[in-house]
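In what follows, a single structure is set out as structure tokens and then discussed.
In the working numbering, the protein residues as written are 108 to 418.
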């Protein structure tokens with residue numbers, strides 16, 4: 108099962124973190140952009156070439172210490188066809204270095220459209236993702252095509268449950284009666300809790316060998332009480348935890364995502380790592396080394412609360 112491979116990489120590196128490759132142009136060093144623009148023009152092709160060069164430098168520094176990368180599709184799609192090519196090349200290169208690929212596309216639809224999304228990202232022919240983020244708020248018939256493709260191709264998904272953004276509670280924290288039909292005596296649950304229950308049920312179709320199944324949950328580091336609550340309710344669900352660092356989540360906030368063996372989650376950092384050279388105010392030519400230093404700092408910060416990771 109796909110997430111078994113992720114767990115094994117986390118144990119090998121003793122690092123439960125994933126780097127979000129979200130290369131907005133303002134984060135890419137000027138020397139990389141200028142070289143690409145001089146050769147290809149300051150147009151989508153030149154910009155996409157700069158994106159790939161930037162990503163390649165990051166991967167070369169990080170692949171030995173970070174188990175996974177999570178490219179966010181929006182940054183690539185913004186550059187059109189050339190940007191999608193940069194996404195494909197980035198994932199292929201990261202995979203050649205042994206990294207696990209989480210495509211952060213938040214796809215969600217039903218029927219043949221969901222099947223097409225699943226085939227594109229998890230079918231093994233178009234893109235090289237090992238797992239995909241999925242928006243499941245259309246219900247079970249919007250998720251089953253992804254699960255079926257995961258079964259066939261040994262892939263995994265991460266379903267949005269409690270996201271890290273400030274306004275997530277506008278919908279996800281709303282409470283509703285959980286009874287059919289609803290009645291005053293019916294149990295009241297938050298929407299994110301209901302989604303968590305559904306994720307656990309869907310995960311039964313993708314069992315793993317390390318207790319965790321192939322249907323993970325996205326649970327933000329910015330909501331530590333909800334992390335603790337969901338971990339207790341979802342002992343077999345692996346968490347993808349965004350919100351660390353730039354969004355305000357701390358290592359202590361997300362510690363409850365992990366079990367007694369240090370397993371159970373992988374923590375994302377995007378800008379915090381890929382733009383570390385700006386924070387350090389170091390030479391932009393040193394951007395990849397700065398990312399390495401920040402990745403080590405993040406790993407050590409998290410591991411203070413997680414402890415040794417064991418299978």
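Glycine residues also receive a C-beta, built at the ideal position from the N, C-alpha and C atoms. All figures in this text were calculated on a predicted structure; none of them were measured in a lab.
Annotation: the continuous beta strand (DSSP E) that includes residue 208 extends over 207-214. By the criterion of at least three beta-carbon pairs nearer than 8 Å, the region 156-174 is in contact with the region 128-145.
By the criterion of a C-beta distance shorter than 6 Å, residue 299 is surrounded in its chain by 268, 269 and 279, once the five residues flanking it on both sides are discounted. Residue 137 carries a helical assignment under DSSP once its states are collapsed to helix, strand and coil. Straight across, the Cα-Cα distance linking residue 213 with residue 241 is about 4 Å. Our two residues, residue 129 and residue 179, have alpha carbons roughly 6 Å apart in a direct line. Residue 265 places its beta carbon 8 Å or farther from that of residue 243. In the same chain as residue 391, and ignoring 5 residues on each side of it, the C-beta atoms closer than 7 Å to its own belong to 136, 137, 138 and 384, in chain order. By a beta-carbon distance limit of 8 Å, residue 409 contacts residue 358. Their separation comes to about 5 Å. In the structure shown, residue 341 adopts coil according to DSSP, grouped into three states. Excluding its 5 nearest sequence neighbours in each direction, residue 341 has C-beta neighbours in its own chain below 8 Å: 303, 306, 307 and 324, listed in chain order. No Cβ-Cβ contact shorter than 8 Å links residue 375 with residue 202. Beta-bridge partners assigned by DSSP to residue 172: none are found.
Exposure of residue 133 is indicated by the presence of fewer than 16 other C-beta atoms within 10 angstroms of its C-beta. With a 10 Å radius around the Cβ and a threshold of 16 neighbouring Cβ atoms, residue 401 comes out buried. Boundaries of the beta strand (DSSP E) harbouring residue 372: 372-376, taken from the DSSP string. Membership of residue 403 in the alpha helix (DSSP H) is indicated by the continuous run 394-413. For residue 109, the number of other beta carbons within 10 angstroms of its own is at least 16, and it is reported as buried. Secondary structure within the region 307-342: the beta strand (DSSP E) runs of 3 or more consecutive residues, fully enclosed, are 322-326 (chain order). Setting aside the 5 residues that flank it on each side, residue 355 is surrounded in the same chain by 329, each with a C-beta closer than 7 Å to its C-beta; the list follows chain order. The residue among 316, 317, 321 and 260 with its C-alpha nearest the C-alpha of residue 310 is 321. If the five residues before and after residue 249 are omitted, its C-beta is found closer than 7 Å to the C-beta atoms of 215, 216, 217, 221 and 243, all from its own chain and listed in chain order.
By the neighbour-count definition (other C-beta atoms within 10 Å, threshold 16), residue 245 is an exposed residue.
Within its own chain, the residues whose Cβ lies closer than 8 Å to the Cβ of residue 172, once the five positions on either side in sequence are excluded, are 120, 122, 399, 402, 403 and 406, listed in chain order.
With fewer than 16 other CB atoms across the displayed protein chains lying within 10 angstroms of its CB, residue 167 is exposed. Spanning the alpha carbons of residue 209 and residue 284 requires a straight line of approximately 34 Å. Taking 8 Å as the cut-off, the beta carbon of residue 170 is found closer than this to the beta carbon of residue 204.
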